[in-house]
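Asker: Chains as they are written, first to last, in my numbering: chain A, 630 to 914; chain B, 14 to 303.
For every residue, glycine included, the Cβ atom is placed at its ideal position computed from N, Cα and C.
All figures in this text were calculated on a predicted structure; none of them were measured in a lab.
Below: one structure in structure tokens.
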């Protein structure tokens, strides 16, 4: 029987479909980028392709050359808060997750299986169920309008993730190297620092990167825990732009562009390991 | 063998020592809040007033609340349609990208991009993309097909629009999981089927789908949980509106607590979603153990 499609037609269809995938994905992103890099007056002309390129909206959100401030304060404050809070959350989640994940992967102790299940369970379990008690308990612990409170709340999203992922990464390291080191008389800490961590570094870095992305992207905790503008983070800054009666589209897109740069760049750097970790730890048996 | 026993005791101690910091912290920020939300759901608690024990009153009131019924209904519609679309399109993308055509790695790199972009940014982008007067969706339709402006976030289309946003963001997760699963299928299976005269549809149904069915099931279950509980995009795009059209369960919980200040009702609504999530997670754990 002759084949229904010739090789050329198959080749052609493949490229049509590939182009569809690219357009489907990039269309909204194209719209963000052209709007962010457009002079403000051009926004209201209803043009699909830009006539001029300008960085005036970026200057505006950072407070340069503004005679009057129309919506909210400059973005710098939000950006700094987001950056340093996400970094602290990343460091803490990775540190605790590395210790715990190693124990869950390697050390034989009675609670190992139940704690492993608990960490997977809390990673998948949606945090929306916990916003009421976290808000309520944090109010009574004096953690409202407080960066420590926000950091602790963000750890409830990131720590289960790092625990589960790092457990998976440590399990992929051959145990024989460690056993040999133990036979040579190394202590647990020596084995950890001299053998396990160097081998696991790519996995640890990738997990840390994704923990940063999770903290950076979180909306619900700053929304319920922080009401003071000077303590607020980027997602709520963007929300304030969107809530304005007269939305400053060019600035909203410039701020969105800036807010997406760190997570997107980090995601590409660590992508291979994030995805390998997900498939090894969660999806592939 | 006293020495060996000593080693084992030391290992157990190390196990607890290493995992204690993480789980102690999780106790305060996760496990304790989890039990506290169940506890507070048995109290009538309005923000700023004393909590009064009221038994199952909050639950009875919620189960009688027409808005909760509607919220549950619209959350189900939204979740099921979004997961099915993500499954179909994600599988399509994965199969396309598993062909080794020239430039496939560039297309793959572009297609995974939405995964890295935060939801709040995606919401802002689509808020502008769907704008009635100046959004790209309407500009394109007007310039290409002469279609009159469409109210994407208006009452008629808003549910479709939020499903579209969720699908756009969620496809990479499906695609990547399927792509790595597809790579584990041995080439010989396809070659043998081709020799036996199976066409590409038959190969897809009898080889591809059975080989990756566990990955499909796990991905769909995870996505169901995360779509059902997703708050960010809908809160940013519609705040549950217009009216109550997109008042999904997470929005219901949020507004009960932070707009009506009825903590007890919000807690009870949260607790009512737990059996669903626990069941789905139990299935996932069971699948992973198989």
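1) I'd like the ranges of any alpha helix (DSSP H) spanning at least 4 consecutive residues and lying wholly in the segment 31 to 56 of chain B.
2) Please report how far the alpha carbon of residue 788(A) lies from the alpha carbon of residue 38(B), in whole angstroms.
3) Name the residues in the segment 744 to 762 of chain A whose C-beta lies less than 9 Å from a C-beta of chain D; which are they?
4) Suppose only complete runs of 4+ residues qualify. What are the alpha helix (DSSP H) ranges in the segment 116 to 175 of chain B, listed by chain order?
5) So, is the C-beta of residue 857(A) closer than 8 Å to a C-beta in chain B?
6) Counting contacts by CB-CB distance shorter than 8 Å, is residue 892(A) in contact with chain B?
7) Using a Cβ-Cβ cut-off of less than 7 Å, list which residues of the segment 47 to 70 of chain B approach chain A; keep chain order.
8) If I measure Cβ to Cβ from residue 173(B) and keep anything under 6 Å in the same chain, skipping five residues before and after, which residues do I get?
9) Determine the burial state of residue 185(B): buried for a count of at least 16 other Cβ atoms within 10 Å of its Cβ, exposed for fewer.
10) Cα separation between residue 30(B) and residue 169(B)?
11) Is the Cβ of residue 801(A) closer than 8 Å to any Cβ of chain B?
12) What would DSSP say about residue 914(A), mapped onto helix, strand or coil?
13) Mind pulling the chain B residues with CB within less than 7 Å of residue 784(A)?
14) Tell me, to the nearest whole angstrom, how far the beta carbon of residue 845(A) is from that of residue 142(B); I am working on the premise that it is less than 8 Å.
15) Please name the residue, chosen from 75(B), 109(B), 147(B) and 100(B), that lies closest to residue 674(A) on a Cα-to-Cα basis.
16) For residue 237(B), I'd like the list of residues in its chain whose CB is within less than 7 Å of its CB, leaving aside the five on either flank, ordered along the chain.
17) Can you look up residue 245(B) in the DSSP assignment and give me helix, strand or coil?
18) Over what stretch of residues does the alpha helix (DSSP H) that includes residue 650(A) continue unbroken?
19) Just by C-beta distance, which residues in the segment 875 to 902 of chain A are closer than 9 Å to chain B?
20) Are the CB atoms of residue 885(A) and residue 867(A) nearer to each other than 8 Å?
21) Determine contact between the segment 78 to 92 of chain B and the segment 193 to 206 of chain B, defined as no fewer than three beta-carbon pairs at a distance below 8 Å.
22) Which residues in the same chain as residue 135(B) place their Cβ atom closer than 6 Å to its Cβ, once the five residues preceding and following it in sequence are excluded?
23) How many whole angstroms separate the CB atoms of residue 24(B) and residue 738(A), which I take to be in contact at a CB cut-off of 8 Å?
24) Which of the three DSSP states is assigned to residue 678(A) in this structure?
25) Tell me where the alpha helix (DSSP H) around residue 83(B) begins and ends.
26) Should the segment 237 to 251 of chain B be called in touch with the segment 747 to 765 of chain A, which here means at least 3 C-beta pairs below 8 Å?
27) Using a Cβ-Cβ cut-off of 8 Å, state whether residue 741(A) counts as contacting chain B.
Answerer: The structure says:
1) Runs found: 45 to 53.
2) As a first step, residue 788(A) must be located in the first chain, where it is residue number 159. As a first step, residue 38(B) must be located in the second chain, where it is residue number 25. Each residue's Cα considered, the two are about 9 Å apart.
3) Here chain D cannot be found, since the structure's protein chains are A and B.
4) Fully enclosed alpha helix (DSSP H) runs of 4 or longer: 117 to 124, 126 to 129, 132 to 142 and 149 to 158.
5) The count along the first chain starts at 1 and reaches residue 857(A) at position 228. So no, residue 857(A) is outside the interface.
6) Taking the first chain and counting its residues from 1, the one referred to as residue 892(A) is at position 263. Interface residue (Cβ-Cβ distance to chain B less than 8 Å): residue 892(A) is classified as such.
7) Here the close residues are 47, 49, 50 and 53.
8) Here residue 173(B) corresponds to residue number 160 of the second chain, with the count starting at 1. Residues of the same chain with their beta carbon placed closer than 6 Å to that of residue 173(B) are lacking, with the five preceding and five following residues left out of the count.
9) Indexing the second chain from 1 puts residue 185(B) at position 172. Residue environment: residue 185(B) is assigned as buried (16 or more neighbouring CB atoms within 10 Å of its CB, all protein chains considered).
10) For the purposes of this step, residue 30(B) is taken as residue 17 along the second chain, with counting starting at 1. For the purposes of this step, residue 169(B) is taken as residue 156 along the second chain, with counting starting at 1. Straight across, the Cα-Cα distance linking residue 30(B) with residue 169(B) is about 57 Å.
11) Here the question's residue 801(A) lines up with position 172 in the first chain. Cβ-Cβ to chain B under 8 Å: no for residue 801(A).
12) Translated into positions along the first chain, residue 914(A) becomes position 285. Residue confidence is low: residue 914(A) scores 34 on pLDDT, short of 50, so the model does not pin down where it sits. Its coordinate-derived value is still stated next. Of the three classes helix, strand and coil, the one that applies to residue 914(A) here is coil, per DSSP.
13) Against the first chain, residue 784(A) aligns to sequence position 155. Those within 7 Å of residue 784(A) in chain B are 38 and 42.
14) In the first chain, the residue the question calls residue 845(A) occupies position 216. In the second chain, the residue the question calls residue 142(B) occupies position 129. The pair is not a contact, with the Cβ atoms about 22 Å apart (cut-off 8 Å).
15) On the first chain, position 45 is the one that residue 674(A) refers to. Taking only the C-alpha atoms, the option nearest residue 674(A) is 147(B).
16) The sequence position of residue 237(B) within the second chain is 224, counting from 1. Residues of the same chain with a CB within less than 7 Å of the CB of residue 237(B), apart from the 5 flanking positions on each side, are 92, 96 and 293 in chain order.
17) Position 232 of the second chain, counting from 1, holds the residue named residue 245(B). The answer is helix: DSSP assigns residue 245(B) an H, G or I state.
18) The sequence position of residue 650(A) within the first chain is 21, counting from 1. Start and end: 636 to 665.
19) So the close ones are 876, 878, 881, 882, 884, 885, 886, 888, 889, 892, 893, 894, 895, 896, 897 and 900.
20) Locating residue 885(A) in the first chain gives position 256, counting from the first residue. Locating residue 867(A) in the first chain gives position 238, counting from the first residue. Taking 8 Å as the Cβ cut-off, residue 885(A) and residue 867(A) qualify as a contacting pair.
21) Touching, no, given that fewer than three Cβ pairs across the two stretches are closer than 8 Å.
22) Locating residue 135(B) in the second chain gives position 122, where the first residue counts as 1. 182.
23) Within the second chain, numbered from 1, the residue matching residue 24(B) stands at position 11. Within the first chain, numbered from 1, the residue matching residue 738(A) stands at position 109. Their Cβ separation, rounded to whole angstroms, is 7 Å, which keeps residue 24(B) and residue 738(A) in contact under 8 Å.
24) On the first chain, position 49 is the one that residue 678(A) refers to. Reduced to three states, the DSSP call for residue 678(A) is coil.
25) The count along the second chain starts at 1 and reaches residue 83(B) at position 70. Per DSSP, the unbroken alpha helix (DSSP H) holding residue 83(B) starts and ends at 79 to 111.
26) With the cut-off at 8 Å, the segment 237 to 251 of chain B and the segment 747 to 765 of chain A touch.
27) Taking the first chain and counting its residues from 1, one reaches residue 741(A) at position 112. Yes, residue 741(A) lies at the interface with chain B (some Cβ there is under 8 Å from its Cβ).
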